[in-house]
Amino acid sequence: MTHSDFLPYALPALDEQEAQAVLEVLRSGWLTTGPKTKQFEEAFARYTGAAHAVAVNSCTAAMHLVLAAWGITHGDEVITTPLTFCATIEAIEYVGARPVLVDIDPATGNIDPNGIEQAITPRTRVLLPVHYGGLPCEMDAIMDIAARHSLRVLEDAAHAAGAAYKGRKIGAIGHATAFSFYANKNMTTGEGGMITTNNPELADRCRILSLHGISRDAWKRYTAAGSWYYEVTELGYKYNMPDVLAAIGLCQLHKLDALNARRQAIAEQYHRAFGEMDFLEPFPPAVPDYSTHVWHLYTILLRLETLRIGRDQFIDELKARGIGVSVHYIPIHFHPHYQGYGWRRGDFPHTEAYYARTISLPLYPSMTDADVSRVMETVYEVGTQWRR
Ligand SMILES: Cc1ncc(COP(=O)(O)O)c(C=O)c1O
């Protein structure tokens, strides 16, 4: 197999438009946070239907800032899912709060709202649902629990740019939403993130905290309109998004619906083909009718009892045939860093069962029909070879 025979697990969808947009910014002489970032924020707010958007340099930073702006701190608890990337948990840890995990609904991979209520204590402050793979969580149930217990809801929408719940775009439902524009996401700026909220005070505070805790439009201090004078009003962070990246984000946002439509078309093809293979189950078994799924991930669940090899060896066999794959996610409580929280193997059985069987397959807009067929045929070949 040559290098060119390898089908990558993920690729960004960039073309001449992004290249030109970046060149324009480089030639403008203004590289860091400025007019392009403002334009990107306004366009993103319009797209999601949120009143405000604050661009930052990652989704991790976005979640950290929201929790910091809400004053979440030591002694507080934040409820989230064990089926997520470490970033979700790290944001909680940055402010000194305690992450509390609630198992997934095995039909969706998302936090099970039925488990949330039992996990609430007098110290709970925030619910932090993750729209796993681009499939929105059951937001009505989550918002209802939050209202009854006076909690705030921060959505981790790293996978969910363009997704919708009951016809409403993700980004304008919870009290705040955090998006990722990391290189493999549905839209990318290389690295980057966005906070959306309908709350003007929260947006203002996040903006100040994202740039050193400096009062009012700190980025303007080098412009003709700005003043050299500034005041640091509190401990802030260096989380701002530069204009070079915002220019890429604006191009990607214009393409987002088309990029997601291609993801959806590939997912449908996969779903049909994998539904016929008796050694696996396509996931989710059905997309709930309340949601628009944007397929950041396409995952299959192996029926391990039908195979003579385990999940890890199945992955090795796919890779040996040139298919890039991944696993989402190693459950949070399996990582060495999280051993101090007292979580044990067996505590989150649905997440653990999911992890034991799951493989994430290539799914991105620039895949050709031939690439898609190759993935389906290769999975079939490996499954058939190792079937019991
Ligand atoms: C569920 C989830 N949350 C948060 C993040 C963090 O995003 P970022 O890399 O933009 O900080 C990721 C990134 O992969 C993610 O998958």
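Start counting the sequence shown at 347; every next residue gets the next number (this note's numbering).
Ideal Cβ positions, reconstructed from N, Cα and C, are used throughout, including at glycine.
How far does the beta strand (DSSP E) with residue i in it reach, from first residue to last?
{"i": "GLU501", "result": "498–502"}
{"i": "LEU788", "result": "Outside the displayed range of the chain (347 to 734) lies residue 788, so it cannot be described from this structure."}
{"i": "VAL424", "result": "423–426"}
{"i": "TYR644", "result": "644–648"}
{"i": "LEU707", "result": "704–707"}
DSSP three-state call for residue i: helix, strand or coil?
{"i": "PHE625", "result": "coil"}
{"i": "GLY395", "result": "coil"}
{"i": "GLY539", "result": "strand"}
{"i": "LYS515", "result": "strand"}
{"i": "GLU577", "result": "coil"}
{"i": "ARG471", "result": "strand"}
{"i": "LEU360", "result": "coil"}
{"i": "VAL402", "result": "strand"}
{"i": "THR697", "result": "helix"}
{"i": "LEU429", "result": "coil"}
{"i": "PHE525", "result": "strand"}
{"i": "ALA507", "result": "coil"}
{"i": "ILE418", "result": "coil"}
{"i": "ASN530", "result": "coil"}
{"i": "THR638", "result": "strand"}
{"i": "SER374", "result": "helix"}
{"i": "ILE612", "result": "helix"}
{"i": "ASN606", "result": "helix"}
{"i": "VAL476", "result": "strand"}
{"i": "ILE774", "result": "The chain is shown only over 347 to 734; residue 774 falls outside these bounds and no answer can be derived."}
{"i": "LEU481", "result": "coil"}
Check whether the Cβ of residue i lies closer than 7 Å to any Cβ atom in chain D.
{"i": "LEU447", "result": "In the displayed structure, chain D is absent; only one protein chain is listed."}
Are residue i and residue j close, meaning C-beta to C-beta below 7 Å?
{"i": "PRO428", "j": "ILE678", "result": "yes"}
{"i": "ALA492", "j": "LEU473", "result": "yes"}
{"i": "GLU501", "j": "GLY520", "result": "yes"}
{"i": "PHE527", "j": "ALA503", "result": "no"}
{"i": "ASP589", "j": "LYS382", "result": "yes"}
{"i": "LEU602", "j": "GLY539", "result": "no"}
{"i": "PHE386", "j": "GLY595", "result": "yes"}
{"i": "ILE418", "j": "ARG471", "result": "yes"}
{"i": "PHE625", "j": "ARG649", "result": "yes"}
{"i": "ASN460", "j": "CYS483", "result": "no"}
{"i": "HIS642", "j": "GLY395", "result": "no"}
{"i": "GLY668", "j": "TYR355", "result": "no"}
{"i": "TYR644", "j": "TYR616", "result": "yes"}
Is any heavy atom of ligand 1 found at a distance shorter than 6 Å from the C-beta of residue i?
{"i": "ALA433", "result": "yes"}
{"i": "CYS552", "result": "no"}
{"i": "VAL476", "result": "yes"}
{"i": "GLY508", "result": "no"}
{"i": "ALA356", "result": "no"}
{"i": "ARG455", "result": "Note on identity: in this sequence residue 455 is Gly, with Arg being the wrong assignment. No."}
{"i": "TYR528", "result": "yes"}
{"i": "CYS483", "result": "no"}
{"i": "GLY539", "result": "yes"}
{"i": "SER672", "result": "no"}
{"i": "CYS597", "result": "no"}
{"i": "THR645", "result": "no"}
{"i": "THR704", "result": "no"}
{"i": "SER556", "result": "no"}
{"i": "SER561", "result": "no"}
{"i": "VAL406", "result": "Note on identity: in this sequence residue 406 is Thr, with Val being the wrong assignment. Yes; taking the cut-off as 6 Å, the Cβ of THR406 has a heavy atom of ligand 1 nearer than that."}
{"i": "THR383", "result": "no"}
{"i": "THR430", "result": "yes"}
{"i": "ALA504", "result": "yes"}
What residue does the alpha helix (DSSP H) around residue i start on, and which one ends it?
{"i": "PHE660", "result": "657–666"}
{"i": "SER719", "result": "715–731"}
{"i": "ILE491", "result": "485–494"}
{"i": "ASP550", "result": "546–555"}
{"i": "ASN460", "result": "459–465"}
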